[in-house]
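A.B. asks:
Residue numbers (the numbering used here): 20 to 117.
(1) Please return the same chain residues whose Cβ sits closer than 7 Å to the Cβ of residue 73, not counting the five positions on each side in sequence.
(2) Quick check on this structure: which residue in 22, 31 and 24 has the alpha carbon closest to the alpha carbon of residue 103?
(3) Within a Cβ cutoff of 8 Å, which residues of the same chain sit near residue 56, ignoring the five residues on either side of it in sequence?
(4) Would you list, in sequence order, the uninterrupted alpha helix (DSSP H) runs of no fewer than 4 residues that lie entirely inside the region 34–96?
(5) Using CA coordinates, which residue listed in 115, 71, 82 and 91 is at the minimum distance from residue 39?
Structural data, given as structure tokens:
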């Protein structure tokens, strides 16, 4: 483990924790742990607007936490960072051990 963190590492790390600090993004990542989903499906399953879902997915994609593929006019998203998904799963386990 590094003894000192450079500014870029600190920024990237804070962005990951920022992503995991938002309930909507947690719900999206948790859903994507079950597999690939279309944007409309994510919105419907989580009772979100299509616009809000797309906005959150764009945020997660910019951090490379999710990836997408296009099939015609439909975008399908899936998780793209097993390390962060592991953090999410560990945090869920921790919360479950009350």
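Just so you know, even glycine gets a beta-carbon here, dropped at the ideal spot from N, CA and C.
C.D. replies: Taking the structure as given:
(1) 58
(2) 31
(3) 50, 64, 95, 96 and 97
(4) 42–51, 58–64 and 69–81
(5) 82
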